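To keep things clear, I will list the structure first and then write my remarks on it.
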Amino acid sequence: MPPIGMVEGKKPEIERMFDAIAPKYDLLNRVLSGGIDQVWRKKVVKLVLEKTPLQVLDVATGTADLALMAAQSGIPNVVGVDISEEMLAVGRKKVIAKDQSNRVELKTGDAEALPFPDQQFDVAMVAFGVRNFEDLDKGLGEMNRVLKKGGRIVVLEFSKPSAFPIKQLYSAYNRYLLPAIGKLVSGDQSAYTYLPESIAVFPEGEAFLGHLAKAGFTSVRDIRLTFGVASIYIGERS
Numbered sequence: 388m389p390p391i392g393m394v395e396g397k398k399p400e401i402e403r404m405f406d407a408i409a410p411k412y413d414l415l416n417r418v419l420s421g422g423i424d425q426v427w428r429k430k431v432v433k434l435v436l437e438k439t440p441l442q443v444l445d446v447a448t449g450t451a452d453l454a455l456m457a458a459q460s461g462i463p464n465v466v467g468v469d470i471s472e473e474m475l476a477v478g479r480k481k482v483i484a485k486d487q488s489n490r491v492e493l494k495t496g497d498a499e500a501l502p503f504p505d506q507q508f509d510v511a512m513v514a515f516g517v518r519n520f521e522d523l524d525k526g527l528g529e530m531n532r533v534l535k536k537g538g539r540i541v542v543l544e545f546s547k548p549s550a551f552p553i554k555q556l557y558s559a560y561n562r563y564l565l566p567a568i569g570k571l572v573s574g575d576q577s578a579y580t581y582l583p584e585s586i587a588v589f590p591e592g593e594a595f596l597g598h599l600a601k602a603g604f605t606s607v608r609d610i611r612l613t614f615g616v617a618s619i620y621i622g623e624r625s
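Remember, my numbering sits 387 above the position in the sequence shown when you count from 1.
Given below as structure tokens:
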């Protein structure tokens, strides 16, 4: 059995799934989260800005929502990488539409083999992407490698509420409503059946902080958001 956070052969299926839902991905994010995902991303950008970065890497950038938000906050150079060409195609159109081509560059790239030299970036960030890594520790290790000394990693990811009745309501929403809405809007139920399944097995909280420490990050900490529905994880590159 592979270690927690590592699922052999996961990568091609993730790529296929996100290629399929790319045209409706942004709409689904807004519908399924009620728009609160944008509030969470703003919190990530605030933590990124604390380092006054010149170069920021957005891993698993998808349609570049977080990369664009970072660029529009004044960061001069944001590079987004993703394995899904269809998601990147949507992202590139958004970059042009928002007149951010001089600040945002989107590249095809594997989080577990980042196409960048050591110590290139001031901050690495990920929004809702690390749970899709085939090998979690390898992906986190790669982000550590490309960060400058004194750099920071900021990860936004879904987590599981523990308090009654939020826990029960969240579980019912994920199990029944989310796949149904996802299929209705995107035509692909499998992607939104995968989402709650991936959240259920993701090593959240202290377990994920342990993975960050294993990857070489120090001063690791987390911030719970919206009753624990999502969490932000922060680590420093020593």
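Think of the CB as a built atom: it goes at the ideal place given N, C-alpha and C, for glycine as much as any other residue. If you're wondering where the values come from, they're calculated on a predicted model, not measured in any experiment.
In this chain, the alpha helix (DSSP H) harbouring Glu472 covers Glu472 to Ala484. The beta-carbon separation of Val431 and Ala451, rounded to 14 Å, does not stay under the 8 Å limit for a contact. Nearest neighbour of Met474 by Cα position, chosen from Ala600, Asp486, Pro502 and Leu414, turns out to be Leu414.
The segment 568 to 615 contains, as complete alpha helix (DSSP H) runs of 4+ residues, the segments 576 to 588 and 593 to 601 (chain order). Cβ neighbours of Met530 within its own chain (closer than 6 Å, five residues either side excluded): Ala511 and Ile540. Between Gly422 and Lys535, the alpha-carbon positions lie close to 33 Å from each other. For Leu556, the enclosing alpha helix (DSSP H) starts and ends at Ile553 to Ala559.
CA-CA distance, Lys547 to Ile568, rounds to 20 Å. In the structure shown, the three-state DSSP call for Ala409 is helix. Sequence-distant Cβ neighbours of Ile401 in its own chain, meaning closer than 6 Å and more than five residues away, are Asn519. In the DSSP annotation of this structure, the continuous segment of the alpha helix (DSSP H) that includes Leu527 starts and ends at Leu523 to Val533. Looking from the CA of Asp497, the closest CA among Lys554, Ala454 and Gly526 belongs to Gly526. Less than 8 Å separates the beta-carbon of Leu612 from that of Ile619. Ile619: member of the beta strand (DSSP E) spanning Ala617 to Arg624, first to last residue. Using a 10 angstroms sphere on the CB of Ala447, the tally of other CB atoms reaches 16 or more, which defines it as buried.
Ala476 and Ser488 have their C-alpha atoms spaced approximately 14 Å apart. Annotation: the continuous alpha helix (DSSP H) that includes Leu436 extends over Ile423 to Leu436. One thing to note: Met404 has its Cβ within 8 Å of the Cβ of Ser577.
Note on Pro440: 16 or more other CB atoms within 10 angstroms of its CB, so buried under the neighbour-count rule.
One thing to note: Val426 has its Cβ no nearer than 8 Å to the Cβ of Val435.
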